[in-house]
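Taking it in order: structure first as C-alpha cells, then the write-up.
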Amino acid sequence: MDTFSFIDIYATKGIEYVIAVVFLVVVVIFQKFFAGKSTAHKTSILTHIMDWFRIPEEVHVHQGHAWARLESKNQVAVGMDDFAQKFVGRLDSIELPKIGTALKQGETGWTLKIGSKTVPMLSPVDGVVVAINQAALENPDLINNAPYETGWLLKIAPTKLDTNTRNLLPGRVARMWMQEILTEFDSMKVDQPGPQDMAMKGIARMLSEENWDELAKKHFLTHDISDDVIRTFPRLAVAPSPSSPKALDPDRKSFEFWFNPKSVGIRLTG
Numbered sequence: 003m004d005t006f007s008f009i010d011i012y013a014t015k016g017i018e019y020v021i022a023v024v025f026l027v028v029v030v031i032f033q034k035f036f037a038g039k040s041t042a043h044k045t046s047i048l049t050h051i052m053d054w055f056r057i058p059e060e061v062h063v064h065q066g067h068a069w070a071r072l073e074s075k076n077q078v079a080v081g082m083d084d085f086a087q088k089f090v091g092r093l094d095s096i097e098l099p100k101i102g103t104a105l106k107q108g109e110t111g112w113t114l115k116i117g118s119k120t121v122p123m124l125s126p127v128d129g130v131v132v133a134i135n136q137a138a139l140e141n142p143d144l145i146n147n148a149p150y151e152t153g154w155l156l157k158i159a160p161t162k163l164d165t166n167t168r169n170l171l172p173g174r175v176a177r178m179w180m181q182e183i184l185t186e187f188d189s190m191k192v193d194q195p196g197p198q199d200m201a202m203k204g205i206a207r208m209l210s211e212e213n214w215d216e217l218a219k220k221h222f223l224t225h226d227i228s229d230d231v232i233r234t235f236p237r238l239a240v241a242p243s244p245s246s247p248k249a250l251d252p253d254r255k256s257f258e259f260w261f262n263p264k265s266v267g268i269r270l271t272g
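Each residue of the sequence shown is one higher than the last, beginning at 3 in the numbering used here.
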C-alpha cells in the first residue's frame, strides 16, 4: 500500500526566504566593502591636514615658511614653521650656517636633507648668526616635534629688524594665510594615509614621491620664483593690531597678499 508524505510548503518557503535574505545581506556587505574601499583609496589631502598646523601668536612668519621670534632687542630666534616640517616630513639632517655668518632676508638661510635630495629655505630676517641649535642638528626629530620650541634653528643678531618685520606676517594674519594655502590641496588626491605615514613621509611625498622636493621648493619660494605671487582671500574680519602690517577693515569684502622672497604686502579690496 502506497504511503503518502505531506510537505509543508510554508516551511520550505520560509527556508527559501531565509536563504534569500542571507544572500541579499551578503551582497550588500560586499557592495559596501568594495565601494568603500574604492572611495577611501583616494581622498582629498585637505581632510587630513586642515587642523594640523599651529602658529603661535608671538611669532612672525616669512612667506617662505620660516618663522622669527624676538627674544630681546638684539636677538631673534628663527626656524621652519609647522607647515614646512609637516610638508617635508621627517628630516634626515639639516645644514645650518656657521656662527658669524651674515644672512639676508629672502636669501638661503639653511638647507634640509631627506634621502638624496636637498631643499633650501629662506632666512626670515637680516642679521648675523650668533647661535645654532646643536641639539636639533644632532636630532632633527626636535624640529618635527616642536618647530617653535626645542626645534628652533638659529639665533640671529638682527641688522634691519624694523624693515624685516614689515615683510613678515604676524601670527593672526599668518594663520589666515595658512588657511588659504591649505585650500589649494582640496583637489589633490592621495592614498588613504595613516598618521605615521603623514609624519614620516610628509605631505609633499604623499602628493608626489618622485618630485616632492620641487613641490617643497615651490612653497618655500626657493624654486623658479621670479614674479610676485598674488593670493586673494575671502572677506575676513581682523581687529586692528599694532603688530599687523596694516590694520584690516572688517567691512571690506576681501584683501590680497602679494609676495616674493624679499617682500610681502597686503592690499584691501572691495
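Even glycine gets a Cβ: it sits at the ideal position worked out from N, Cα and C.
Let me know if residue i comes out buried or exposed under the rule of 16 or more other beta-carbons within 10 Å of its beta-carbon.
i      : result
Thr207 : The sequence shown places Arg at residue 207, rather than the Thr named in the question. Counting Cβ neighbours within 10 Å, Arg207 comes out buried, since at least 16 surround it.
Asn145 : Just to set this straight, residue 145 is Ile in the shown sequence, not Asn. Answer is buried; the Cβ neighbour count reaches 16.
Asp164 : exposed
Gln136 : exposed
Ile232 : Only weak support exists for where Ile232 lies, its pLDDT of 34 falling under 50; the value from the coordinates is given anyway. That one is exposed.
Lys157 : buried
Gly204 : buried
Lys219 : buried
Asn166 : buried
Leu93  : buried
Trp154 : buried
Asp229 : Here the model assigns Asp229 a pLDDT of 39, short of 50, so the residue's position is not dependable, and the following value carries that caveat. With fewer than 16 Cβ atoms within 10 Å of its Cβ, Asp229 is classed as exposed.
Our contact map puts residue i next to residue j with C-beta atoms below 8 Å; I'd like the distance itself, whole angstroms only.
i      : j      : result
Val61  : Gly129 : Actually they are not in contact, since the Cβ atoms of Val61 and Gly129 sit about 16 Å apart, beyond 8 Å.
Glu97  : Lys119 : Actually they do not touch by this definition, with Cβ atoms about 13 Å apart.
Pro142 : Ser95  : 6 Å
Measuring alpha carbon to alpha carbon, tell me which residue in the options is nearest residue i.
i      : options                        : result
Ile57  : His221, Tyr150, Asn213, Arg168 : Tyr150
His221 : Trp112, Gln181, Arg177, Ala86  : Ala86
Gln107 : Lys162, Ser210, Arg177         : Lys162
Val63  : Lys75, Gly204, Val80, Asn76    : Val80
Glu211 : Ala148, Gly91, Ala159          : Gly91
Asp83  : Ala70, Met178, Gly102, Asn76   : Ala70
Gly66  : Pro99, Ile101, Leu124          : Leu124
His225 : Lys100, Ile101, Glu109, Ala138 : Glu109
Ala68  : Thr113, Gly102, Glu140         : Thr113
Tell me where the beta strand (DSSP E) around residue i begins and ends.
i      : result
Glu73  : 68 to 74
Val90  : No beta strand (DSSP E) holds Val90; the alpha helix (DSSP H) holding it covers 84 to 90.
Ile96  : 95 to 97
Ala138 : No beta strand (DSSP E) holds Ala138; the alpha helix (DSSP H) holding it covers 136 to 140.
Leu114 : 110 to 116
Val121 : 119 to 124
Could you give the distance in angstroms between the alpha-carbon of residue i and the alpha-carbon of residue j?
i      : j      : result
Arg168 : Ala104 : 20 Å
Ser243 : Gly111 : Low per-residue confidence applies at Ser243: pLDDT is 37, beneath 50, and the placement is therefore not dependable enough to give any value.
Val78  : Thr152 : 15 Å
Leu48  : Asp215 : At Leu48 the pLDDT is 47, less than 50, meaning the model places this residue with poor confidence and gives no usable figure here.
Val175 : Asn213 : 30 Å
Gln198 : Phe89  : With a pLDDT of only 48 at Gln198, under 50, the local geometry of the prediction cannot be trusted, and the value read off the model is given with reservation. Those two C-alpha atoms are separated by around 14 Å.
Trp179 : Leu223 : 15 Å
Val132 : Glu59  : 24 Å
Val192 : Leu184 : Residue confidence is low: Val192 scores 49 on pLDDT, short of 50, so the model does not pin down where it sits. Its coordinate-derived value is still stated next. Taking the straight line from one Cα to the other gives about 15 Å.
Leu209 : Leu217 : 9 Å
Pro160 : Arg177 : 24 Å
Lys75  : Gly117 : 39 Å
Leu238 : Leu170 : Note that Leu238 scores 33 on pLDDT, short of 50, meaning its location in the model is unreliable; the coordinates nonetheless yield the value given after this. If you take the alpha carbons of Leu238 and Leu170, they lie about 19 Å apart.
Leu72  : Ile134 : 16 Å
Ala148 : Gln181 : 20 Å
Pro99  : Val121 : 15 Å
Ile101 : Leu139 : 14 Å
Alpha helix (DSSP H) containing residue i: first to last residue?
i      : result
Trp214 : 214 to 221
Ala159 : Ala159 -> not in any alpha helix (DSSP H); beta strand (DSSP E) instead, spanning 156 to 160.
Gln65  : Segment: none, Gln65 is in no alpha helix (DSSP H) and carries neither H nor E.
Glu182 : 173 to 185
Asp164 : 163 to 168
Should residue i be counted as a contact of the ligand SAH given a C-beta to heavy atom distance under 6 Å?
i      : result
Lys106 : As presented, the structure is devoid of all ligands, the ligand SAH included, so that no description of it is given.
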